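Here the structure comes first, spelled out in structure tokens, and everything after it is commentary.
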């Protein structure tokens, strides 16, 4: 009889630990949900066929946050193309894009971070180990997205982009090219 109580107590302690580690919620994903939401890991290739990305597109940074104001966490993913150099991935990424997967609909929205060269040609932004910062920077009580892209070298230059998701579109709130004083 004593062994039965010990087994029941051990099971209850284990079940309580699992619930506590899960934030008190039992979270179960069906096979269908798992198939619909590809796993996102920093440093891994990113594929979303509907976005038509290049084959060498990698996840550079990734955050979970509600950025559209519906109180459901969305996936905010910074991606870019990387090349292999001597068998390892280059620290620099080119063609930076910000991808948001809506937590409710699972649909994607993408913003390609481009800049205009002196010749008028559009180029994909690049950076060395770029990252995401999520927070409400516009004061509208909805999270915005800041992307930082260090340029490397001795200059310490870092490019920045602030985006807001409005009406299912990523819109620029601020970009470095707006940070000039006209005289």
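Residue numbers (mature numbering (1 follows the signal peptide of the UniProt record, and there is no 0)): -20 to -1, 1 to 163. All C-beta atoms, glycine included, are put in the ideal place defined by N, C-alpha and C. Just so it is clear, the structure is predicted and the values come from calculations on it, not from any experiment.
The beta strand (DSSP E) spanning residue i covers which residue range?
| i | result |
| --- | --- |
| residue 103 | 102 to 104 |
| residue 155 | 149 to 155 |
| residue 81 | 72 to 81 |
| residue 111 | 111 to 115 |
| residue 60 | 54 to 61 |
| residue 145 | 138 to 146 |
| residue 29 | Residue 29 -> no beta strand (DSSP E), and no H or E assigned at all. |
| residue 47 | Per DSSP, residue 47 belongs to no beta strand (DSSP E) and is neither H nor E. |
| residue 128 | 124 to 130 |
| residue 90 | 88 to 92 |
On the premise that residue j lies in contact with residue i, defined as a C-beta separation below 8 Å, what is that separation, rounded to the nearest angstrom?
| i | j | result |
| --- | --- | --- |
| residue 80 | residue 33 | At roughly 14 Å, the Cβ-Cβ gap does not stay under 8 Å, so residue 80 and residue 33 are not in contact. |
| residue 76 | residue 105 | 4 Å |
| residue 142 | residue 153 | 4 Å |
| residue 62 | residue 38 | 5 Å |
| residue 40 | residue 22 | 7 Å |
| residue 31 | residue 90 | 5 Å |
Which one or two residues does DSSP pair with residue i in a beta bridge?
| i | result |
| --- | --- |
| residue 43 | 56 |
Can you tell me whether residue i is buried or exposed, with buried defined as 16 or more other CB within 10 angstroms of its CB?
| i | result |
| --- | --- |
| residue 150 | buried |
| residue 129 | buried |
| residue 48 | buried |
| residue 140 | exposed |
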